[in-house]
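Counting from 1 along the sequence shown, just add 5 to a position and that's the residue number in the numbering used here.
Ideal placement from N, C-alpha and C gives every residue a C-beta, glycine not left out.
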Amino acid sequence: MSVKQVIAEIRKELDNFTAVRKWKEETGQKVIGWFPPDVPEELIAAAGALPVGISGFRPETRLAEAHLPRYVCSFMRGSLEMALRGELDFLDGVVFPHACDTKKHIVGLWERNCRFGFVHNLLFPRQLNLPSAQKYYRQEILRFCSALESFTGSKITTEKYQHIVAIYNQNRQLLREILRLQGEKQLLSNEDFYLVVMSSMLMPKTESNFFLTKLLNELTHGKGSQNMVPVVLSGSLVETNGFLKILDNCRLIAVGDDLYTGYRYFCLDVDGEDMLGGLTKRHFNQIPYSGYYSERHQKSEFLASLATERRAAGIIFIHLMFCEQENYEYPEVKQYLDRKNIPSIRIELDYQTQAWGQLSTRLQSFAEMLGVV
Ligand code: SF4
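Structure, rendered in structure tokens:
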């Protein structure tokens, strides 16, 4: 089987959420959607439900715009559109981490218009360096556990949790290995790589592990082309169509990122022995994210060292239009990278855009500047 065939199989499972629908039909259990970042999916799975990451890559958001102004980011408009169109009809509940103002304020709309049996707000601390932050995080985790248990009617036992953590850690290890090989051999296009990461959010993890193992096997034996210029992507999330296709055409390949639909999703395993301690440790050791503040962990330094470590020629900031927190943080990060002579470019995206011409020209120029001939 070739890499292309494995990717085609994965695509088939994702089409119209086939894998999720099949799981629900076979098990008769609940499916709980979650918005990124940092929702501890392991707890949802240990409570007997299937966690599914919600994406919002919709070209048109007519229904959502009856409820939301245009200056809400296209991710949140797109996901509400999907829900209003009934495309997420397999969901029994949804979890909102309050990691940005948009997610915080949109919950009421989902509650009123989508009527899921379970809507949970995860109020994780935004200032990670405060002395009370870890204690507060642990309380939130306990509150989440008890909400899940009463919704699913299933207790989160130590045995169940440890069993789930082993499967989830394996999934993350497989993704990290695929990313490592991307840096070495560049066998997957940008579009396919981020589709693979996304598939892990959208499939039961045992099924995802099956596909990732198959893919890894093909990638390990495949011969790399090495005719792409390596770059690092920075932002919140990336959709798997337009922008990534342009990146592929410009012969720029992502070998690292800080996206919550990318490396942030799989960079850290969790310790299964001590549930509260393990989840807390992971959360507070995560890579920097613009929604959280921590003096200890600066995004500028992180990106510079990631680019060096992954031998990237430059950094592409992919910012969603109207994502305020990314905009606030950007000038400082950019100045730091300039001082370090790391080339970078900032692209502002809207997932409802259909006109990619100007963006393509800008990325082409950036690619030429980095040495693509
Ligand atoms: S893209 Fe920005 S504004 Fe939109 S949900 Fe993510 S963090 Fe919030």
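Member of the options whose CA lies at the smallest distance from the CA of residue i
| i | options | result |
| --- | --- | --- |
| leucine 2 | Glu189, Glu306, Thr358 and Gln303 | For the chain, the structure presents residues 6 to 378; residue 2 sits outside this window and is missing. |
| glutamate 314 | Val275, Glu18, Gly261 and Ala88 | Gly261 |
| proline 235 | Ile321, Thr366 and Asp106 | Ile321 |
| valine 201 | Leu180, Leu186, Leu242 and Ala51 | Leu180 |
| glycine 113 | Arg67, Arg177 and Leu73 | Leu73 |
| alanine 318 | Lys339, Leu284 and Val377 | Val377 |
| leucine 273 | Phe307, Arg177 and Thr366 | Arg177 |
| alanine 51 | Gln34, Glu329, Ala360 and Arg131 | Gln34 |
| cysteine 328 | Gly227, Tyr294, Arg26 and Gln10 | Tyr294 |
| valine 237 | Leu184, Val11, Gln340 and Leu48 | Leu184 |
| phenylalanine 62 | Leu354, Gln187 and Ser365 | Leu354 |
| valine 57 | Val99, Ala309 and Tyr199 | Val99 |
| glutamate 182 | Phe95, Asn254 and Tyr268 | Tyr268 |
| glycine 247 | Gly229, Leu284, Gln187 and Ser365 | Ser365 |
| threonine 66 | Tyr356, Glu373 and Gln187 | Tyr356 |
| glycine 188 | Ala171, Gln175 and Ala259 | Ala259 |
| aspartate 94 | His110, Lys286, Ile59 and Pro64 | Ile59 |
| glutamine 139 | Asp343, Arg344, Leu308 and Gly283 | Gly283 |
| aspartate 253 | Tyr173, Phe129, Asn195 and Phe149 | Asn195 |
| valine 243 | Ile352, Asn332 and Asn346 | Ile352 |
| lysine 90 | Leu68, Tyr341 and Cys78 | Reading the sequence as shown, one finds arginine at residue 90 and not lysine. Cα-wise, what sits closest to arginine 90 is Leu68. |
| asparagine 132 | Ile111, Gln144 and Ala104 | Reading off the sequence, residue 132 comes out as glutamine, not asparagine. It is Ala104 whose Cα lies nearest to the Cα of glutamine 132. |
| valine 170 | Lys17, Arg287, Leu224 and Asp276 | Asp276 |
| glutamate 92 | Val77, Arg26 and Asp43 | Arg26 |
Residue i versus residue j: straight-line alpha-carbon distance, rounded
| i | j | result |
| --- | --- | --- |
| lysine 219 | leucine 207 | 18 Å |
| phenylalanine 271 | glutamine 303 | 20 Å |
| isoleucine 146 | leucine 281 | 7 Å |
| lysine 160 | tyrosine 142 | 21 Å |
| leucine 375 | serine 349 | 10 Å |
| phenylalanine 289 | glutamate 300 | 12 Å |
| leucine 55 | leucine 19 | 15 Å |
| lysine 29 | glutamine 363 | 43 Å |
| glycine 240 | isoleucine 323 | 5 Å |
| lysine 108 | methionine 233 | 36 Å |
| glutamate 337 | lysine 165 | 44 Å |
| glycine 296 | phenylalanine 22 | 29 Å |
| leucine 135 | tyrosine 298 | 10 Å |
| asparagine 118 | alanine 88 | 9 Å |
| leucine 37 | threonine 211 | First, the residue type needs correcting, since residue 37 is isoleucine and not leucine in the sequence shown. Distance between the alpha carbons of isoleucine 37 and threonine 211 is about 17 Å. |
| serine 305 | glutamate 70 | 35 Å |
| phenylalanine 198 | proline 209 | 18 Å |
| lysine 250 | leucine 257 | 10 Å |
| arginine 75 | aspartate 106 | 15 Å |
| leucine 48 | cysteine 150 | 7 Å |
| lysine 9 | glutamate 86 | 31 Å |
| alanine 80 | glutamate 334 | The sequence shown places phenylalanine at residue 80, not alanine. About 19 Å. |
| leucine 153 | isoleucine 292 | 27 Å |
| alanine 13 | arginine 344 | 43 Å |
| serine 230 | glutamate 31 | 42 Å |
| proline 163 | tyrosine 173 | For the record, residue 163 in the displayed sequence is threonine; it is not proline. Straight-line Cα distance between these residues: approximately 15 Å. |
| glutamate 278 | glutamine 167 | 7 Å |
The beta strand (DSSP E) enclosing residue i, as first and last residue numbers
| i | result |
| --- | --- |
| valine 11 | It is not in any beta strand (DSSP E) - valine 11 instead sits in the alpha helix (DSSP H) that spans 8 to 19. |
| aspartate 43 | Counting along the chain, aspartate 43 falls outside any beta strand (DSSP E), and DSSP gives it neither H nor E. |
| aspartate 106 | Unbroken run through aspartate 106 is the alpha helix (DSSP H), 106 to 119; no beta strand (DSSP E). |
| serine 239 | 234 to 240 |
| arginine 315 | Element bounds for arginine 315: n/a, residue is neither H nor E. |
| leucine 257 | 257 to 262 |
| arginine 3 | This structure leaves residue 3 out entirely; the chain is present only between 6 and 378. |
| proline 102 | 98 to 102 |
Endpoints, the alpha helix (DSSP H) within which residue i is located
| i | result |
| --- | --- |
| tryptophan 39 | Looking at the DSSP string, tryptophan 39 is not in any alpha helix (DSSP H); the run it does join, the beta strand (DSSP E), is 36 to 39. |
| serine 370 | 362 to 375 |
| valine 202 | 195 to 207 |
| serine 84 | 79 to 89 |
| valine 25 | 23 to 32 |
| valine 338 | 329 to 344 |
| glycine 58 | No alpha helix (DSSP H) contains glycine 58, which is instead part of the beta strand (DSSP E) from 55 to 58. |
| glycine 247 | 247 to 254 |
| leucine 217 | 210 to 226 |
Local Cβ density within 10 Å of residue i, reported as buried at 16 or more and exposed below that
| i | result |
| --- | --- |
| glycine 381 | Look at the range of the chain in this structure, 6 to 378, and you will see that residue 381 is not part of it. |
| leucine 193 | buried |
| glutamine 191 | buried |
| tyrosine 265 | buried |
| valine 215 | As written in the sequence, residue 215 is phenylalanine, which differs from the valine given in the question. By the neighbour-count rule (16 or more Cβ atoms within 10 Å), phenylalanine 215 is not buried but exposed. |
| serine 6 | Going by the sequence as given, residue 6 is methionine instead of serine. Under this definition methionine 6 is an exposed residue. |
| glycine 83 | buried |
| histidine 125 | buried |
| proline 64 | exposed |
| threonine 285 | buried |
| serine 310 | exposed |
| alanine 434 | This structure cannot settle anything about residue 434, because the visible part of the chain is limited to 6 through 378. |
Proximity test, Cβ basis, 7 Å: residue i and chain C
| i | result |
| --- | --- |
| asparagine 134 | No chain C appears in the structure shown, which is made up of a single protein chain. |
Every unbroken alpha helix (DSSP H) inside the region 127 to 170 [4 residues or more]: 138 to 157
Ranges of the alpha helix (DSSP H) found wholly within the region 262 to 304, counting only runs of at least 4: 268 to 271 and 280 to 289
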